[in-house]
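Chemist: Please see the structure below; I have some questions.
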Amino acid sequence: MRIDCKHVWEHISAYIDGEVDAELRAEIDRHLETCEICSAVLDSTRNVVVLMADDRVFEVPTGYSDRLHARLDQELKLNEPDEEK
Amino acid sequence: MTAHNDEPATELIRRILGGEKHLFHDLIRPVERSIYFLLFGLLKNEVEAEDAAQETAIKVYVNLRLYRGDAQFKTWVLSIARNEGLNRLRKQVSRREDSIEAQTEELDGDYTPAVLTSWREIPAEMLERKEVAALLREAIEGLPEIYRNVVMLRDVQELGVREAAEVLCISEPAVKVRLHRARALLQRALAPKLASVAPRRKGLMGWFQ
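Here the protein sequences come in this chain order: A and B.
So for the first sequence, our numbering puts the first residue at -8; every next one is plus one.
So for the second sequence, our numbering puts the first residue at -9; every next one is plus one.
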């Protein structure tokens, strides 16, 4: 069975996550061998996924951790965890 | 993350509840970034997200006896963070143009990806350029809420499908569908912009394996 480009796009996210079954993966791989457009779409989508996981994209504000733990110190001094309800 | 990673959390909780309150700092430290990012994904405001993160940490402390160990500690904490964030959103809603309801509708219809054959390399070094990180942040922040939340959990914080489903109170298939649409929207928004700043280099195909 030959699958078309649209069919490939529908499965790109699952393909990147390794969640398509072996048969579909083989079909997609076959399609990608000859389809420049779909391989470009796959590569750029995968690039986006890889880049998003980089710690430099989202950073916590400077001093976030210090302020959080200072606030927790106050709380810990004043209060105990609630008793079982 | 797998379940056995939670054994240190369970042990810490036991000791905290036994009176060693100062250990709560160690308990919350490994998840504090995730708390912030989840809240930032919801609230889209640094100051508000930080304030909500502090409230979340305090709620985790106060309610620590309620943690039963049937979910991963991180998942449980992120659920508390999400509730905190949603409560704040509800309070803001009258001030916002787009209501939560309007944002929770699924987008229908086909999507057509941006086709760009010139940006094939994995340009991890691109992130050294602040403008690239900013482009990614803007694109994620520009997603409808239901997609943004999934992307923040799955691709930014790299939670598993099951954990993301638990935090968001949706099914695992729904996580996958939303993630797929989110990535498609991001690809379409980002590919042309990133291609224009990507170094034109060849020979990095090994990255794709």
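Backbone N, C-alpha and C define an ideal beta-carbon position, used for all residues, glycine too.
Because the structure is a prediction, the values reported are computed rather than measured.
In this structure, how does DSSP classify Phe49/A when only helix, strand and coil are distinguished?
Modeler: Looking at Phe49/A - three-state DSSP - the assignment turns out to be coil, as it is neither helix nor strand.
Chemist: So Cys(-4)/A is in the alpha helix (DSSP H); what residue range does that whole segment cover?
Modeler: Here the alpha helix (DSSP H) through Cys(-4)/A covers -4 to 1.
Chemist: On the CB-based measure, 16 or more other CB atoms within 10 Å of its CB, does Leu2/B come out buried or exposed?
Modeler: By the neighbour-count rule (16 or more Cβ atoms within 10 Å), Leu2/B is buried.
Chemist: Shorter than 8 Å from the beta carbon of Leu32/B to some beta carbon of chain A?
Modeler: No, Leu32/B lies away from the interface with chain A (no Cβ there is under 8 Å from its Cβ).
Chemist: Which residues in chain A have a C-beta closer than 7 Å to the C-beta of Leu180/B? List them in chain order.
Modeler: What Leu180/B touches in chain A: Val39.
Chemist: Since Asn53/B meets chain A, which of its residues come closer than 8 Å, beta carbon to beta carbon?
Modeler: Correct list: Pro72, Asp73.
Chemist: Under 8 Å between C-beta atoms, does Gly196/B make it to chain A?
Modeler: Here the model assigns Gly196/B a pLDDT of 31, short of 50, so the residue's position is not dependable, and the following value carries that caveat. It does not: the Cβ of Gly196/B has no partner Cβ on chain A nearer than 8 Å.
Chemist: Which residues, in chain order, does the region 18 to 49 of chain A contribute to contact with chain B at a C-beta distance below 7 Å?
Modeler: Result list: Glu27, Ile28, Ala31, Val32, Asp34, Ser35, Thr36, Arg37, Asn38, Val39, Val40, Val41, Leu42, Met43, Ala44, Asp45, Arg47, Val48, Phe49.
Chemist: At 7 Å on the CB atoms, spell out the chain A contacts of Lys11/B, in chain order.
Modeler: Going along chain A in sequence order, the residues near Lys11/B (Cβ under 7 Å) are Leu67.
Chemist: Between Lys166/B and Ala5/A, which are expected to be in contact by the criterion C-beta below 8 Å, what is the C-beta distance as a whole number of angstroms?
Modeler: Confirmed, about 7 Å.
Chemist: Give me the Cα-Cα distance between Glu40/B and Tyr26/B, rounded to the nearest whole angstrom.
Modeler: Going from the Cα of Glu40/B to the Cα of Tyr26/B covers about 6 Å.
Chemist: Go ahead and pull the three-state DSSP assignment for Asn73/B.
Modeler: Helix, per DSSP.
Chemist: Where does Ile160/B sit, in a helix, a strand or coil, going by DSSP?
Modeler: DSSP places Ile160/B in coil when its eight states are reduced to three.
Chemist: With distances taken from CA atoms, which of Pro20/B, Lys34/B, Arg23/B is nearest Arg138/B?
Modeler: Per the Cα distances, Lys34/B.
Chemist: Could you check which residue in Leu180/B, Leu143/B, Pro(-2)/B has the C-alpha nearest to that of Thr65/B?
Modeler: Of the candidates Leu180/B, Leu143/B, Pro(-2)/B, the one whose C-alpha sits nearest the C-alpha of Thr65/B is Leu143/B.
Chemist: Against chain B, does His60/A count as a neighbour if the rule is that its beta carbon must be under 8 Å from one of theirs?
Modeler: So yes, His60/A belongs to the interface.
Chemist: For the region -4 to 16 of chain A, enumerate the residues whose C-beta is nearer than 7 Å to any C-beta of chain B, in chain order.
Modeler: Taking 7 Å as the Cβ-Cβ cut-off against chain B, the residues of the region -4 to 16 of chain A that qualify are Trp0, Ser4, Ala5.
Chemist: Taking 8 Å as the threshold (C-beta atoms), are Pro72/A and Glu36/B in contact?
Modeler: In this structure, Pro72/A does not lie closer than 8 Å to Glu36/B by Cβ.
Chemist: Does the beta-carbon of Glu148/B, which I'm using as the reference point, lie nearer than 7 Å to any heavy atom of the ligand MG?
Modeler: The model depicted lacks the ligand MG and carries no ligand whatsoever.
Chemist: What whole-angstrom Cβ distance do Ala179/B and Ala124/B have, given they're in contact under 8 Å?
Modeler: Contact doesn't hold; Cβ gap of about 13 Å is too wide.
Chemist: With a Cβ-Cβ cutoff of 8 Å, do Leu59/A and Ala185/B count as a contact?
Modeler: Result no, Cβ atoms of Leu59/A and Ala185/B do not sit closer than 8 Å.
Chemist: Beta-carbon of Asp57/A versus every beta-carbon of chain B: anything under 8 Å?
Modeler: Taking Cβ atoms only, chain B never reaches closer than 8 Å to Asp57/A, which makes this a no.
Chemist: Using a 10 Å radius around the Cβ and a threshold of 16 neighbouring Cβ atoms, would you call His170/B buried or exposed?
Modeler: Burial call: buried.
Chemist: Considering Cα atoms alone, identify which of Ala164/B, Arg127/B, Gly132/B is closest to Val146/B.
Modeler: The shortest C-alpha separation from Val146/B is found at Arg127/B.
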